[in-house]
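First up is the structure itself, then whatever we jot down about it.
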Amino acid sequence: MADPTDLLSPTLLSGKTAFVTGGGSGINLGIAATFARLGAAVAICGRSQERLDGAAEKLRALGAKVCAVAADVRDPAAVTDAFARSADELGPASVVVSGAAGNFVAPAEKISPNGFRTVVDIDLLGSWHTASAAFQQLRETRGTLLFISAAQASVPFAYQAHVGAAKAGVDHLMRNLALEWSRYGIRCNSIAPGPIADTEGMRRLEQAADKDTWLKMIPLGRYGAAEEIGVMASVLASPLGGFVTGAHIVVDGGQGLMGSSTFNDAVAATLNASPR
Ligand code: COA
Ligand code: NAP
Numbered sequence: 001m002a003d004p005t006d007l008l009s010p011t012l013l014s015g016k017t018a019f020v021t022g023g024g025s026g027i028n029l030g031i032a033a034t035f036a037r038l039g040a041a042v043a044i045c046g047r048s049q050e051r052l053d054g055a056a057e058k059l060r061a062l063g064a065k066v067c068a069v070a071a072d073v074r075d076p077a078a079v080t081d082a083f084a085r086s087a088d089e090l091g092p093a094s095v096v097v098s099g100a101a102g103n104f105v106a107p108a109e110k111i112s113p114n115g116f117r118t119v120v121d122i123d124l125l126g127s128w129h130t131a132s133a134a135f136q137q138l139r140e141t142r143g144t145l146l147f148i149s150a151a152q153a154s155v156p157f158a159y160q161a162h163v164g165a166a167k168a169g170v171d172h173l174m175r176n177l178a179l180e181w182s183r184y185g186i187r188c189n190s191i192a193p194g195p196i197a198d199t200e201g202m203r204r205l206e207q208a209a210d211k212d213t214w215l216k217m218i219p220l221g222r223y224g225a226a227e228e229i230g231v232m233a234s235v236l237a238s239p240l241g242g243f244v245t246g247a248h249i250v251v252d253g254g255q256g257l258m259g260s261s262t263f264n265d266a267v268a269a270t271l272n273a274s275p276r
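Note that the working numbering has the sequence shown beginning at 1, numbered continuously upward.
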C-alpha cells in the first residue's frame, strides 16, 4: 500500500513541535513518524529510555529534531518534567498526542483491583496528567490535543472491561476539555483506530481471537497501517482540521459497524470460557 503521507504537503507541520506519549513504538511511533515527515519537531516519552532512543534514531533519519525523554504517564511530576525538557529543546508543543496505554486480555472476574487500576491509571489518569502538563504550552501555541481511543470505548468487548472503562473515560475527558479549552484556542479530539498491523495491541488481542476472526469483523477486509492513523492525526493537528473539536474520529475500516459478537464468540472458543 502506498504511504498516504506522500499525499500531504511535506511542510504541513513545519515550525510545530509535537509531543507524543507512548511514542516509542507501534501506532504512536507511526504518528510521530508521520509528523516528522511533515516537518514537525517531535518529543516522545515512554517508560523505557532504550526503546525511546531506538525510536528517536528512526525519527531523526526522517529529518526531525527529536527529544526522547523517559516518563511514566502515571507520575504527574515526571510528565511535567518531560514537557519542560521538550519545551527547552524544541520549543512549546503545539500538538500533543496522548497515546500511552496498557492492555491485557482477562475475564472481568479475574481482573484484580490492581490490574483494573493499572490500566485506568495508564490510559485515563495518564491522559489527564498529559493534558494538565501540556496546558500552558498549548495555551501559548493555541495548539491541539489528540487522545488515542479504541473501539472498546464505544462497544463492550469480552475480557476488556478495564480497557473499555478507561478508554470511555478518555473520550469523555476529551469532550470536556474541548468544551472548556476552546476559549484558549485549544482543539481536542480523539482517534479510535481499528485493528492496526504489526502492533503490540493486536498481538495481545490475537491471543483471544486470531487474525482471520478479526478480518471477518472488518468490512474493508484488512488491518490498517500506523501511517493511516498518522495522516488522520496530522489533518486534525493542522489547519486542515481547524474547525474540528470535540470529535471522536473512527479510523477502523468499518469494524465499529460490526459490533463485538464475532470477537466475543471467538474469545469463548479460544479461552474455553463463555463470556455470557
Ligand atoms: N491478566 C490478569 N491480570 C494481569 C495481567 C493479565 N494478563 N497482566 C497484568 N495483570 C495484573 C497484574 O497481576 C497486576 O495485578 P496484581 O498486583 O493484583 O497481581 C497488575 O495487572 C499490574 O501488573 P504489572 O505487571 O505490575 O503492571 P505494569 O505497570 O508493570 O505493566 C501492564 C502494565 C500490565 C498493562 C503491561 O502489560 C504493560 O506494560 N503494557 C504496555 C504495553 C501494552 O499493553 N500495549 C498494548 C497497547 S494498549
Ligand atoms: P504499544 O506499541 O504497546 O504502545 C503503547 C506505548 O505506550 C508503548 O510505547 C509503551 O512504551 C507506552 N507506555 C505504556 N505504559 C506507559 C506508561 N505507564 N507511561 C508511559 N508510556 C507508557 O501498542 P499499540 O498497539 O501501538 O497501541 C498504541 C495506542 O493505540 C494505545 O493507546 C492503544 O490503546 C491504541 N489502540 C491500538 C490499536 C491496535 O490495533 N494496536 C487499536 C485501537 C487502539 P513503554 O513500554 O516503554 O512504556
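For every residue, glycine included, the Cβ atom is placed at its ideal position computed from N, Cα and C.
Residue i, DSSP secondary structure in three states
{"i": "A33", "result": "helix"}
{"i": "F135", "result": "helix"}
{"i": "T17", "result": "strand"}
{"i": "R47", "result": "coil"}
{"i": "N264", "result": "helix"}
{"i": "P195", "result": "coil"}
{"i": "N189", "result": "strand"}
{"i": "F147", "result": "strand"}
{"i": "A64", "result": "coil"}
{"i": "A237", "result": "helix"}
{"i": "S154", "result": "coil"}
{"i": "I122", "result": "helix"}
{"i": "V231", "result": "helix"}
{"i": "A41", "result": "strand"}
{"i": "I111", "result": "coil"}
{"i": "A2", "result": "coil"}
{"i": "V250", "result": "strand"}
{"i": "G23", "result": "coil"}
{"i": "V105", "result": "coil"}
Any non-hydrogen atom of the ligand COA within 7 Å of residue i CB
{"i": "A101", "result": "yes"}
{"i": "S112", "result": "yes"}
{"i": "F104", "result": "yes"}
{"i": "R204", "result": "yes"}
{"i": "G115", "result": "yes"}
{"i": "T118", "result": "yes"}
Chain-order list of residues whose beta-carbon lies under 6 Å from that of residue i (same chain, five-residue window excluded)
{"i": "G169", "result": "L124"}
{"i": "A237", "result": "V95 and T144"}
{"i": "Q160", "result": "Q152"}
{"i": "R222", "result": "none"}
{"i": "C45", "result": "T21, V69, A71 and A82"}
{"i": "E109", "result": "none"}
{"i": "R60", "result": "V66"}
Rounded distance between the beta-carbons of residue j and residue i, thought under 8 Å
{"i": "S234", "j": "L8", "result": "6 Å"}
{"i": "F19", "j": "A93", "result": "4 Å"}
{"i": "A84", "j": "L62", "result": "25 Å between Cβ atoms; not a contact."}
{"i": "V69", "j": "A41", "result": "V69 to A41, Cβ: 13 Å. No contact."}
{"i": "I186", "j": "L138", "result": "5 Å"}
{"i": "P195", "j": "W214", "result": "5 Å"}
Residue i Cβ short of 7 Å to the ligand NAP heavy atom set
{"i": "V250", "result": "no"}
{"i": "S132", "result": "no"}
{"i": "I122", "result": "yes"}
{"i": "I218", "result": "no"}
{"i": "G24", "result": "yes"}
{"i": "G201", "result": "yes"}
{"i": "D72", "result": "yes"}
{"i": "P156", "result": "no"}
Same chain, Cβ closer than 7 Å to residue i, neighbours up to 5 away in sequence not counted
{"i": "V231", "result": "P4, T5, L8 and T34"}
{"i": "A64", "result": "A36, A40, A41 and V42"}
{"i": "R204", "result": "N103, F104 and V105"}
{"i": "K16", "result": "A40, S94 and V95"}
Residues near residue i in its chain [Cβ-Cβ closer than 8 Å; skip 5 each side]
{"i": "E227", "result": "D3, P4, T5, G30, A33 and T34"}
{"i": "K216", "result": "T262"}
{"i": "V120", "result": "H162, A165, A166 and G169"}
Closer than 7 Å: residue i CB and nearest the ligand MN heavy atom
{"i": "N189", "result": "Only the ligand COA and the ligand NAP can be found as ligands here, which leaves the ligand MN out of the picture."}
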